[in-house]
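Working notes, beginning with the structure itself.
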Amino acid sequence: MPDPQRYGIPGQPGLAPGDDARRGAPATGENVCRKCRGSGMIAGRRCEECDGTGRVVAGIGGG
Ligand SMILES: [Zn+2]
Numbered sequence: 010m011p012d013p014q015r016y017g018i019p020g021q022p023g024l025a026p027g028d029d030a031r032r033g034a035p036a037t038g039e040n041v042c043r044k045c046r047g048s049g050m051i052a053g054r055r056c057e058e059c060d061g062t063g064r065v066v067a068g069i070g071g072g
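In this note's numbering, the protein residues as written are 10 to 72.
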């Protein structure tokens with residue numbers, strides 16, 4: 010059984026800590042992760058900001 014605390018926010022699968030909103034949600038878009046600059050890795054380890062995807066979901070307008 011996967012440990013939910015290892016993967017982002019419990020109860021919200023697929024949501025990385027750096028995500029502003031759920032992927033595919035209205036009025037959102039993917040941005041390159043600023044922390045790892047899109048590589049998904051930092052110093053050989055998975056970037057926690059984007060959960061190793063290299064991208065984060067950010068809200069567009071509105072807020
Ligand atoms: Zn990242």
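We put the beta carbon where it would ideally sit given N, CA and C, even for glycine.
- Across the set 54, 50, 31, the C-alpha of 50 shows the shortest separation from the C-alpha of residue 42.
- In this structure, residue 53 has its beta carbon at no less than 7 Å from each heavy atom of ligand 1.
- Judged by DSSP secondary structure, residue 68 falls within the beta strand (DSSP E) whose first and last residues are 64–68.
- Shown here, residue 46 sits in coil according to DSSP, grouped into three states, outside any helix or strand.
- Boundaries of the beta strand (DSSP E) around residue 39: 37–41.
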